[in-house]
Each structure stands twice: as structure tokens, then as C-alpha cells.
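Student: Pasting a structure here, questions to come.
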């Protein structure tokens, strides 16, 4: 099994709990190339219960404490061990905006985020219009950490939530919205940044309907695809380095054999010359 740590980040009311519950509601039964299984029976029951509550129109309460969600995820022929992290949104601000890692929960969030293979950053677009630039400052802080420490940057997707309510706000060009409202993050990620605009559920006629599985799984798929492409590139690079090393060894072996052949020919030539110069016993005569 390939260990792959993916962390879900986001501020208050970004939709982390709803995202994880909706995702598990669909992927537990398997859909498309994905299937998902919780690490424990109690976690499985809790997530399915949350999904049922959402289907009945009941929103979960705000997260009050740090909680791990561990899953086995199958994607095609590959199996991953995934860890999602749910936590109070205020903790996100404390760690990445105030840079205050002064509690056990803050340290745990910091350690998981800075050692992640993939990050899904959930952002409510409406929360970015207060002029504080909190999300931009916090996420760019995290990205700068990897640069300053010389670590491999995790595969990150910026996933804007609540599309049913914020589609007009974000517009059809999500990248333009990011450049305007997350300029430092956009600068850190550069071209090819992975962006999503989706919703875990849709409110209609006073009720709640979960979005389709492909819609909810889109941020996860984006991160997994990026990780797998990177893994494939690493395998190709390893193969090419190994092939180059084998070719180098072959060239050195051929050169060594050629050198040995030359030395052998030289030694053989010297031996033959000395043998030819020495008089034979039959040619000797004795005068009395």
C-alpha cells in the first residue's frame, strides 16, 4: 500500500466537515475509479450518519476539536492510505496567519500540513471579500515554508466551495479570481496551479441535496492525479538514471576489455619475439 497523506485545510465555515462526510457518503459505495473505506467502524458509522443528516437537511455543528479521519482509498489499480484532518477553523488562522504553534493541537496541524503529500485548501469565496487577505496570507505562509526548508512542495488544489451561491462572484475564469484575491498564493504556485469550484451540496426548495459523486470528488481527484503524475515522472527519471548508469558501466567495461586485449597482445608479442631471438639447441656446434 502506498502511504499518501492528504490534508484538508480551510478557515471557519469553509465546509471541511461537510466535504469529508459527503465524499465518504458517495465513495464508500464506490463510484467510477474511486472507493473509500474508513479505518475504524466508529468512524465509518459517524460519517455515514453525517451524510444522512445532510440528506435530511440538517447541517453538522461547527467543528470544536481536532479530529483525524483515516481511510483506505482505491483509485484504479492503486491503493492509498489517506489521512484527512478536521479541526476548528480558528485553529487554521492561529497556525498559519498568527504563526502561533503554542498548543498540542496547533503543533499537530502544523506538523501534518508541513509533511503532507497533498493539500486540499477549501475556501469560501465570499469570505475573501472583507479586505483582510487572511487566506492569501495564511496559505502563502505555508507555501513559503516548503521553499525556505528546501522541501518538496505538496500537490495543492485550491477548491472554492459553495458554487451554488458563489458562481456569479467567482465567474467562469477561476484563475482570474485567484489572481485578484490570492495574489501571493498565485505567485507561489505559478502557472499550472490546480483550481476547483464546486459544492458539496445544493440547497433547493428549502431542502438539501448532495452533489453528484464526481463533483464532490473533483478536488481529491485533482490531488491524486497530480501525485500519480509526479510518481510516474520520478519512476521515469529513476529509469533514465539507471539506464544511463548501465550504459556508462557498459562503456567502461568495453574500454577495459579493449585495454586488456591490447595489453595481452603486447605481452604475447614480446614473448614471441624473445622466443624467436633465442638460438635453438639443434643449431649449436662444438669445435674440438
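In our numbering, the protein residues as written are -8 to 279.
Using N, Cα and C, we set each Cβ at its ideal position, and we do this for glycine too.
Bear in mind the structure is a predicted one, so any value in this text is a computation, not a measurement.
1. Would you kindly report the start and end of the unbroken beta strand (DSSP E) that includes residue 25?
2. Using CA coordinates, which residue listed in 69, 86, 132, 136 is at the minimum distance from residue 174?
3. What does DSSP give as the partner residue(s) for residue 69 in the beta ladder?
4. Examine the Cβ distances between the stretch 102 to 114 and the stretch -1 to 18 and report whether three or more of them are shorter than 8 Å.
5. Buried or exposed: residue 205, going by 16 or more other Cβ atoms within 10 Å of its Cβ?
6. Just to confirm before moving on: does the CB-CB distance between residue 148 and residue 75 stay below 7 Å?
7. By the three-class DSSP mapping on this structure, what secondary structure does residue 266 have?
8. Which residues share a DSSP beta bridge with residue 195?
9. By the three-class DSSP mapping on this structure, what secondary structure does residue -2 have?
10. In the DSSP assignment, find the unbroken alpha helix (DSSP H) run with residue 44 in it and report its ends.
11. Excluding the 5 residues flanking residue 8 on each side, which residues of the same chain have their C-beta closer than 6 Å to its C-beta?
12. Relative to the alpha-carbon of residue 150, which residue among 32, 61, 212 has its alpha-carbon at the smallest distance?
13. Identify every run of the alpha helix (DSSP H) within the stretch 137 to 171, keeping only runs that are complete inside it and at least 4 residues long; order them along the chain.
14. For residue 155, collect the residues of the same chain with a Cβ closer than 6 Å to its Cβ; drop the 5 residues on either side in sequence, then sort them by chain order.
15. Determine, using beta carbons only, whether residue 170 and residue 159 come nearer to each other than 7 Å.
16. Pull up the CB-CB distance for residue 144 and residue 134, whole angstroms please, since I reckon it's below 8 Å.
17. Just to confirm my understanding: we take residue 208, look at its own chain, exclude 5 residues before and 5 after, and list those with CB closer than 8 Å. What are they?
18. Of all the CB atoms in chain C, is at least one closer than 7 Å to the CB of residue 36?
19. Using only the alpha-carbon positions, how far apart do residue 146 and residue 243 sit?
20. Considering residue 98, what are the terminal residues of the alpha helix (DSSP H) in which it resides?
21. Whose CA, out of 6, 4, 5, 38, lies closest to the CA of residue 20?
22. By DSSP, does residue 53 sit in helix, in strand, or in coil?
23. In the DSSP assignment, find the unbroken alpha helix (DSSP H) run with residue 14 in it and report its ends.
24. Are residue 71 and residue 128 touching if we call contact CB-CB under 7 Å?
25. Would you identify the three-state DSSP class for residue 347, choosing helix, strand or coil?
26. From residue 79 to residue 166, what distance separates their C-alpha atoms?
Tutor: For this structure:
1. Here residue 25 corresponds to residue number 34 of the chain shown, with the count starting at 1. It spans 25 to 29 - the beta strand (DSSP E) in which residue 25 sits, taken as one unbroken run.
2. Translated into positions along the chain shown, residue 174 becomes position 183. Comparing Cα positions, the closest option is 132.
3. Translated into positions along the chain shown, residue 69 becomes position 78. In DSSP, residue 69 forms a bridge with 66.
4. yes
5. Within the chain shown, numbered from 1, the residue matching residue 205 stands at position 214. The residue is exposed, with fewer than 16 neighbouring Cβ atoms inside 10 Å.
6. Counting from 1 along the chain shown, the entry for residue 148 is found at position 157. Counting from 1 along the chain shown, the entry for residue 75 is found at position 84. No.
7. By 1-based counting over the chain shown, the position of residue 266 is 275. Of the three classes helix, strand and coil, the one that applies to residue 266 here is helix, per DSSP.
8. Start at 1 with the first residue of the chain shown, and residue 195 comes out as number 204. DSSP output for residue 195 lists 198 as bridge partner(s).
9. Locating residue -2 in the chain shown gives position 7, counting from the first residue. Correct three-state label for residue -2: strand.
10. Position 53 of the chain shown, counted from the first residue, corresponds to residue 44. Here the alpha helix (DSSP H) through residue 44 covers 32 to 46.
11. Against the chain shown, residue 8 aligns to sequence position 17. Result list for residue 8: 51, 54, 77, in chain order.
12. Position 159 of the chain shown, counted from the first residue, corresponds to residue 150. When only C-alpha atoms are compared, the closest one is 212.
13. 154 to 161
14. Your numbering for residue 155 matches position 164 in the chain shown. Only 190, 193 meet the Cβ criterion.
15. As a first step, residue 170 is located in the chain shown; it is residue number 179 there, counting from the start. As a first step, residue 159 is located in the chain shown; it is residue number 168 there, counting from the start. Contact: no.
16. Taking the first residue of the chain shown as position 1, residue 144 is located at position 153. Taking the first residue of the chain shown as position 1, residue 134 is located at position 143. Yes, residue 144 and residue 134 are in contact; Cβ-Cβ is about 7 Å, under 8 Å.
17. Working through the chain shown from its first residue, we reach residue 208 at position 217. 14, 17, 18, 22, 23, 25.
18. In the displayed structure, chain C is absent; only one protein chain is listed.
19. Residue 146 sits at position 155 when you count from the first residue of the chain shown. Residue 243 sits at position 252 when you count from the first residue of the chain shown. Approximately 40 Å, taken between the alpha carbons.
20. Position 107 of the chain shown, counted from the start, is the residue given in the question as residue 98. Element bounds for residue 98: 95 to 105.
21. What you label residue 20 is simply residue 29 of the chain shown in a count that begins at 1. Out of 6, 4, 5, 38, 38 has the C-alpha closest to the C-alpha of residue 20.
22. In the chain shown, the residue the question calls residue 53 occupies position 62. Residue state, collapsed to three classes: coil.
23. The residue you call residue 14 lines up with position 23 of the chain shown. Note, residue 14: alpha helix (DSSP H), 7 to 18.
24. Residue 71 sits at position 80 when you count from the first residue of the chain shown. Residue 128 sits at position 137 when you count from the first residue of the chain shown. No, they are not a contact pair.
25. Shown here, the chain extends from -8 to 279; a query on residue 347 therefore has no answer.
26. To locate residue 79, count along the chain shown from 1; it is residue 88. To locate residue 166, count along the chain shown from 1; it is residue 175. Cα to Cα, the separation comes out at about 28 Å.
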